[in-house]
Structures are given as C-alpha cells and as structure tokens.
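What follows is one structure encoded as structure tokens, with my remarks underneath.
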Amino acid sequence: MTSIGTGYDLANSIFSPDGRNFQVEYAVKAVENGGTSIGIRAKDGVVLAVEKVITSKLLKPSANKRIATIDKHLGAVYSGMIPDGRHFVDRSRDEARSWRDTFKTPISTSDLASRMGGYLQAYTLYQSVRPFGITAIVGGFDSELEAPVDGEVGSGPSIGAGGKVEGKHGGPGLYMIEPSGMYWGYYGAATGKGRQAAKAELEKLNLAEGQLDLKQAVKEAARIIYVAQQDNKDKEFELEMTWISGANGPTKGRHEEVPKELMEEAERLAKKALEGDDEDDEKKDDDKMEL
Amino acid sequence: MDHRPQAWGRPRDDVYGAYDASYMSTNNGPTQHTQQPIVTGTSVVAIKFKDGVVIAADNLASYGSLARFTDVKRLRKFAGTSVVGFGGDVSDMQYLDRHLTELSIDEAYKSDPGHSLNARNLHKYLSKLMYHRRSKFDPLWNSLLVAGLDDEQKPFLAATDLLGTTFTSPSLATGFGSVLAQPIMRRYAPDEESAAQLTQEKAVEVIKECMKVLFYRDARSMDKYSIAVITKDGVDLKEDEKLENQSWAFADRIKGYGTQTV
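Structure (structure tokens):
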C-alpha cells in the first residue's frame, strides 16, 4: 500500500485521495489472519464450518463454540477478531428478535444479512469507531411452509381475501458480510486464512447447478476445511460444523450442530482425502501439475 | 384533622379548593387490567401412561356462547419435547405462545443440546410467570397443562392457572373437564402406580372417551380436536382429529332444558 504514512490511514471516515478507506482495508487484514470459515448452500440446506485454531492445550476440546445460532433457523460463523464476532452475533440476535416482535414472523436470511450489512457499514463512517475486524458468513433456511406466524392460532381463510398464495416459499440462504458492510449472497463462501484454497475447492463443487445435497455438503465442508488448513500444518485445529435443513430435512428447519456420527464420518473422509492427495503428490507430481 | 383516609396526603380542600379529579387519569378513569376472559377455549385433558403422556383439547375458541373460531390449535409444542395445553383466554394464550417461542430461541443459543428445558422446568417457569402476573393484579386468564418428560425421562404432567396455583396428578383436566373427564380418567389411573401400568393405546382410548363425554355435555365444546402423545421419541401432535363413534342415545332421556314443557 503506497499511501501508508500519508495520514489517510489514521482515522475512519476519511477517504484517501484515491478513494480508499484504509481503516476498512486494515480490518480486512485482521480477517485474513483468522481461522478459515466456510459456508455451503446445498440444494436442501446450508452447512457452516470453521477451522478453530487451538491456541492453548489448556482449552477444553469442543468447548468454546465459534458458530452461533442467531434464531432457530439462522446461524453465523466469522473469521477475524473473535470479540468483534461475538458482538456481531449479539447484534444479529437483537435484530432477529426485534423483527419477530414487529412482524410476528421469523426474519429471512436475506433481511438479516441486509440489517447486519447496514450495521457494519455504519462502523466505517465515524471517527469515534473502528470497522469490524471480521467477515461473517450467515446461513439460514427460510421456512418453505406457509409463512409461519408467531402465536397464530387458526389457519385463516383457505380461499378469497386473506387466502393462501400457491407457489414456492423459502429455501436455503447464504450471505457473507465484510468489514466494509458489503454483503453478497453466495452458493459457497469462504473467509479467513485459508480462503483462497477453500474458494478453489468450493468452485469445483459446481454449487450453482443445485445437485449437491446437504449430507454431501457436510462431507465436502469438512474436507475443504482440512484442505485449507494444509498450508499451516504445524498449528493444531479443531473442526466445528453446523447445518440447517428444511422442515422435512434432518434438522427440521433448525440451525443445529452436525450430529457426532456424521461429523466423525466427515472428518474421517476428509483425512482420507488428504492422505490420498499426499500419495498422489509423491507418486505422480507431473499429473498434478496438469490438473 | 381530617379523619377520612382518602383525604390524607392530599392538598387540603379548605386551603386549595377541591381536587380536580380529571388530572388523575388521562381519559377514561383509572387503568384497568383484565376483568374477564373474552375469547375462550374450554377444557384440556391429559393422562400419564407408562412411557409418556397423552394430552388433548378441542379446536374451538368461543366468544361468550358463540362458537366463534373453529380451527384454533390449543396444544403448543415446546422445544420438541413438551406440550402445553391452554384453556381460557385465547389472546393470553397467544401472548404466552410468543413468550415461549422467545424462550425456546434463547435455549437454542446455547450450543450444548443436552441441557434444554424439560417439561418440569417449563411448568415451574410458567407457574412463576402466572403467579407474578396475578400479583400485579393483571393475570393471564388461562389454565394450563404442561405435559412431557422430567429430568429422569419419566412422564411429567402438571397444571397451573391464572392464580399461579400448581398441581400435579397422574391425570389432569382443566375447565369443565375437571368435573366431567377427571372421574373417567381416575378410573384408569387413580394413582402413579396404575398410570405406570397403562399402555399408550389404552391412554389414547381413555382420552378420546373423555373428549367424547366433554362434547356430549359441555356446550362450549366441539367435535374437532387436537391430541398429542409425548414419549422419549418426541412429540406426536395431530391437530385435525374428529370425534368418532358418537352415540346420542342418552339425549332423549334428558329432561328439563330449553323449550321442553314436560
């Protein structure tokens, strides 16, 4: 960055002459050092996964969760400064709750992403604050059933005014929100240290075709986290994964941890895939180059 | 000295003139809390059996004696492991339902799925809430049955009402059911030991029998009802059941009502 030291990087809300906000760019740097997080939008659900770097042997295994539940049907994971992520989660929960208070219905994944995008963007505008040092991935499943109303007692008229609208409702949603407040919807999202490798792997899945199902996505997510972790093998890490399916799927529309058996299966396959790769590397290095 | 207590602590009328009572409230007199339920649901009945609990309530919400809403779901699932059956005011039931939704979202924040609220915790929470509201002289006008499993995975069934009263028994019924259904259920489950012998099929049969008797004799009831069976495997809730095998043969023997002149 050529403009470092010119004074334009000292405060939020000041553009550099070439139109950049350096504070936001530095926040992105903070994200780039965090453990890899990914999200996959499969045809019947969403998987969130994170590489949790173990900073001390004194930490209890599988405690200190990194993926948070925002509402019954929404989850979020983030890379970067963990306390910033915690605040992001708190705020997301408040937004989801106030949406329910106002509209008596769960917030959609896209609406939550929009609210949180707006919130993060506000932290790029003022001298008194700094941007969030995280990139968050929000996954959810908007109910495909008739729009649920909290506290609803009857089913209402079946036809006529106030009657039902036929058609497809809801479905899986996946959004990634960056420190600038920018958010896009994704089929597969990756952030953190191993994002480049993870993105390359996600692209190979051809998620836009809508062929990959949730269980396969869980296995792919585990594998991708392992692949993305290859570059700093010396660091110990733990894999954390959650998933969300529709009302007829394995989680019944809820954001939940991936069950132990499936988790172990996915990790076993991920390790096996890596070992396979290593052998390939040794045997036929040249083939690999062509691929 | 003015000996009337209502005058104490007030500016003296002989010095300041009579107090202008219109300052006391903004428009229509003092704030009033709920005086009576408006749209109401009638009985809820439930019985324990060896592996769980069966609970049922009809799908009617009455407006006085008018059968106003005929598709009202009065059994609510909580956290996939418990069911709350609501009698009494329907708007208060909706309030409680939203409150419980919020509570279950708070539960979902915790990542450890092993420590979610069970039926016993839920009943304790609801009874404290009901007592708190009656102590504010602003009660939630409901009688509730909470059915599920306790922390030892044993069947749990308990009641609470608008006063915060709590009660537990192998079989429970609210409203008219406490008179009409309770004696029938007690024939099959007079105590915990007998309830622990009951099969699920028998318990469902007894509950269906109770719903039928309630429909025969409770003028605020309906023949469409919801029934839930709660076991270790989860909650099996059916919300669109119809009473079967009704027999009104007893009806022509009833005398002394309506326009009869006999």
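These protein sequences, in sequence, are chains W and Y.
In terms of UniProt numbering, the first sequence has 9 at position 9, counting the first letter as 1, and numbering is strictly consecutive.
In terms of UniProt numbering, the second sequence has 106 at position 106, counting the first letter as 1, and numbering is strictly consecutive.
Where a beta carbon is used, it is the ideal one built from N, C-alpha and C, also for glycine.
The model shown is predicted, which means the values in this text are computed figures rather than measured ones.
For this session: Return helix, strand or coil for Phe86 (chain Y), following the three-state DSSP convention.
Result: Numbered from its first residue, the second sequence carries residue 86 (chain Y) at position 86. Phe86 (chain Y) falls in the strand class under three-state DSSP.
Exercise. Under a CB-based cut-off of 7 Å, is Tyr109 (chain Y) close to chain W?
Worked result: In the second sequence, residue 109 (chain Y) corresponds to position 109, counting from 1. So yes, Tyr109 (chain Y) belongs to the interface.
Problem set entry | Reduced DSSP category for Pro11 (chain Y) - H, G, I as helix; E, B as strand; rest coil | Taking the first residue of the second sequence as position 1, residue 11 (chain Y) is located at position 11. In the structure shown, Pro11 (chain Y) sits in coil (DSSP, three-state: anything other than H, G, I, E or B).
Exercise. Can you tell which of W:Lys260, W:Glu261, W:Ser245 has its C-alpha closest to the C-alpha of Arg254 (chain W)?
Worked result: Here the question's residue 254 (chain W) lines up with position 254 in the first sequence. When only C-alpha atoms are compared, the closest one is W:Ser245.
Exercise. In chain B, what lies closer than 7 Å to Phe176 (chain Y) by C-beta?
Worked result: Checking the listed chains, one finds no chain B in this structure; the protein chains it contains are W and Y.
Problem set entry | Bridge-paired residues (DSSP) for Ile227 (chain Y) | The count along the second sequence starts at 1 and reaches residue 227 (chain Y) at position 227. Partner(s): Y:Ala56, Y:Lys238.
For this session: Verify the CB distance criterion: does Ile105 (chain Y) have a CB-CB separation below 7 Å to chain W?
Result: The residue you call residue 105 (chain Y) lines up with position 105 of the second sequence. Yes, its Cβ sits closer than 7 Å to a Cβ of chain W.
For this session: Spell out the partners DSSP gives Ser79 (chain W) in its beta bridges.
Result: In the first sequence, counting from the first residue as 1, residue 79 (chain W) sits at position 79. Bridge partners of Ser79 (chain W): W:Thr135.
For this session: With 7 Å as the threshold, decide whether the Cβ of Val153 (chain W) is near any Cβ in chain Y.
Result: Taking the first residue of the first sequence as position 1, residue 153 (chain W) is located at position 153. Interface residue, yes.
Problem set entry | Cβ neighbours of Met289 (chain W) in the same chain (closer than 6 Å, five flanking residues each side left out) | Position 289 of the first sequence, counting from 1, holds the residue named residue 289 (chain W). Here Met289 (chain W) scores only 48 on pLDDT, less than 50, and its place in the model is too uncertain to base an answer on.
Exercise. According to DSSP, what are the bridge partners of Leu74 (chain W)?
Worked result: Residue numbering aside, residue 74 (chain W) sits at position 74 when the first sequence is read from its first letter. In the DSSP output, where bridge partners are listed per residue, Leu74 (chain W) has W:Asp71, W:Gly140.
Exercise. Taking 7 Å as the CB-CB limit, is Asp71 (chain Y) close to chain W?
Worked result: In the second sequence, counting from the first residue as 1, residue 71 (chain Y) sits at position 71. So yes, Asp71 (chain Y) belongs to the interface.
Problem set entry | DSSP state of Ser171 (chain Y) mapped onto helix, strand, coil | Sequence index remark: in the second sequence, residue 171 (chain Y) carries index 171 (1-based). In the structure shown, Ser171 (chain Y) sits in a strand (DSSP, three-state: E or B).
For this session: Select from Y:Asp138, Y:Ser143, Y:Leu126, Y:Ser104 the residue whose C-alpha is nearest the C-alpha of Thr174 (chain Y).
Result: For the purposes of this step, residue 174 (chain Y) is identified with residue 174 of the second sequence, where counting begins at 1. When each option's Cα is compared against that of Thr174 (chain Y), the closest is Y:Ser143.
Problem set entry | Own chain, CB closer than 8 Å to Ser226 (chain Y), minus 5 neighbours either side, in chain order | Walking along the second sequence from the start, residue 226 (chain Y) turns up at place 226. Counting only Cβ-Cβ distances below 8 Å, and skipping sequence neighbours, we find Ala56, Ala57, Asp58, Asn59, Lys73, Arg74, Leu75, Leu237, Lys238, Glu239, Asp240, Glu241.
For this session: Evaluate Asn118 (chain Y) with the Cβ neighbour count: other Cβ atoms within 10 Å of its Cβ, from every protein chain shown; 16 or more gives buried, anything less gives exposed.
Result: Sequence index remark: in the second sequence, residue 118 (chain Y) carries index 118 (1-based). Asn118 (chain Y) should be labelled buried.
For this session: To the nearest angstrom, report how far apart Glu203 (chain W) and Gly188 (chain W) are at their CA atoms.
Result: Start at 1 with the first residue of the first sequence, and residue 203 (chain W) comes out as number 203. Start at 1 with the first residue of the first sequence, and residue 188 (chain W) comes out as number 188. About 8 Å.
For this session: Determine the direct distance from the alpha carbon of Leu205 (chain W) to that of Ala79 (chain Y), and round the result to whole angstroms.
Result: In the second sequence, the residue the question calls residue 79 (chain Y) occupies position 79. In the first sequence, the residue the question calls residue 205 (chain W) occupies position 205. Looking at the two C-alpha atoms, the distance is approximately 35 Å.
Problem set entry | chain W contact residues for Val53 (chain Y), given Cβ-Cβ distances below 9 Å | By 1-based counting over the second sequence, the position of residue 53 (chain Y) is 53. Chain W residues near Val53 (chain Y): none, gap ~21 Å exceeds 9 Å.
For this session: Would you grab the beta carbon distance between Gly192 (chain W) and Thr55 (chain W) for me? Rounded to a whole angstrom, and I think it's under 8 Å.
Result: Locating residue 192 (chain W) in the first sequence gives position 192, counting from the first residue. Locating residue 55 (chain W) in the first sequence gives position 55, counting from the first residue. Going by Cβ atoms, the distance from Gly192 (chain W) to Thr55 (chain W) rounds to 15 Å, so no, they are not a contact pair.
For this session: Would you grab the beta carbon distance between Lys77 (chain Y) and Leu198 (chain Y) for me? Rounded to a whole angstrom, and I think it's under 8 Å.
Result: Taking the first residue of the second sequence as position 1, residue 77 (chain Y) is located at position 77. Taking the first residue of the second sequence as position 1, residue 198 (chain Y) is located at position 198. Actually they are not in contact, since the Cβ atoms of Lys77 (chain Y) and Leu198 (chain Y) sit about 23 Å apart, beyond 8 Å.
Exercise. For Gln231 (chain Y), which option in Y:Thr165, Y:Lys154, Y:Glu209, Y:Thr168 has the closest C-alpha, if you only look at C-alpha atoms?
Worked result: What you label residue 231 (chain Y) is simply residue 231 of the second sequence in a count that begins at 1. Residue 231 (chain Y) is actually Thr in this sequence, not Gln. Measuring from the Cα of Thr231 (chain Y), the nearest candidate turns out to be Y:Lys154.
Exercise. Comparing the C-beta of Ala109 (chain W) with each C-beta of chain Y, is any distance below 7 Å?
Worked result: Taking the first residue of the first sequence as position 1, residue 109 (chain W) is located at position 109. Sequence check: residue 109 (chain W) is Thr here, not Ala. No, its Cβ sits nowhere closer than 7 Å to a Cβ of chain Y.
Problem set entry | Amino acids of chain W, ordered along the chain, whose beta-carbon sits closer than 8 Å to that of Ala56 (chain Y) | By 1-based counting over the second sequence, the position of residue 56 (chain Y) is 56. Per Cβ cutoff of 8 Å: no residues; Ala56 (chain Y) is ~16 Å from chain W at best.
Problem set entry | Sequence-distant residues of its chain with Cβ nearer than 8 Å to Leu291 (chain W) (five each side left out) | Residue mapping note: residue 291 (chain W) aligns to position 291 of the first sequence, counting from 1. In this prediction, Leu291 (chain W) scores a pLDDT of 46, lower than 50, which makes its location untrustworthy; the coordinate-derived value is nonetheless stated afterwards. Same-chain partners within the cutoff: there are none.
For this session: Using a Cβ cut-off of 9 Å, pull out every chain W residue sitting near Thr101 (chain Y), in sequence order please.
Result: Taking the second sequence and counting its residues from 1, the one referred to as residue 101 (chain Y) is at position 101. Within chain W, the residues near Thr101 (chain Y) are Lys72, Arg100, Asp150, Gly151.
Problem set entry | Through-space distance from Ile137 (chain W) to Asp286 (chain W), alpha-carbon basis | Along the first sequence, read from residue 1 onward, the residue named residue 286 (chain W) stands at position 286. Along the first sequence, read from residue 1 onward, the residue named residue 137 (chain W) stands at position 137. No answer about Asp286 (chain W) holds up, because its pLDDT of 49 lies below 50 and its placement is not dependable.
For this session: Show which residues of chain Y have a CB atom less than 9 Å away from the CB atom of Thr69 (chain W).
Result: Position 69 of the first sequence holds residue 69 (chain W). Within chain Y, the residues near Thr69 (chain W) are Ile105, Ala108, Tyr109, Lys110, Ser111.
Exercise. By Cβ distance below 6 Å, which residues in the same chain neighbour Ile70 (chain W) in space, the five residues on each side in sequence not counted?
Worked result: Along the first sequence, one-based indexing puts residue 70 (chain W) at 70. Taken in chain order, the residues that qualify are Ala76, Ser92, Arg93, Ala96.
Exercise. What residues of chain W sit near Ala219 (chain Y), judged by a beta carbon separation below 9 Å?
Worked result: Residue mapping note: residue 219 (chain Y) aligns to position 219 of the second sequence, counting from 1. Against chain W, a Cβ distance below 9 Å from Ala219 (chain Y) picks out nothing, because the smallest value is about 21 Å.
Problem set entry | For Ile47 (chain Y): DSSP bridge partner residues | Here the question's residue 47 (chain Y) lines up with position 47 in the second sequence. Y:Val54, Y:Ser171.
For this session: Please list the partners that Asp223 (chain Y) has in chain W, where partner means a Cβ-to-Cβ separation under 7 Å.
Result: Sequence index remark: in the second sequence, residue 223 (chain Y) carries index 223 (1-based). The contacting residues do not exist; Asp223 (chain Y) stays about 17 Å from chain W at best.
Problem set entry | Alpha carbon of Lys212 (chain Y) to alpha carbon of Ala249 (chain Y), nearest angstrom | Here residue 212 (chain Y) refers to the residue found at position 212 of the second sequence. Here residue 249 (chain Y) refers to the residue found at position 249 of the second sequence. The straight-line gap from Cα to Cα measures roughly 13 Å.
Problem set entry | Ser178 (chain Y) (DSSP reduced to helix, strand or coil) | One-based indexing of the second sequence puts residue 178 (chain Y) at position 178. Helix, per DSSP.
For this session: Would you mind sorting Asp89 (chain Y) into buried or exposed? The rule is 16 or more other CB atoms within 10 Å of its CB.
Result: Here residue 89 (chain Y) is taken as the residue at index 89 of the second sequence, counted from 1. Buried, by the Cβ-count rule.
Problem set entry | Helix, strand or coil at Gly85 (chain W) [DSSP, three-state] | As a working mapping, residue 85 (chain W) is identified with position 85 in the first sequence. Helix.
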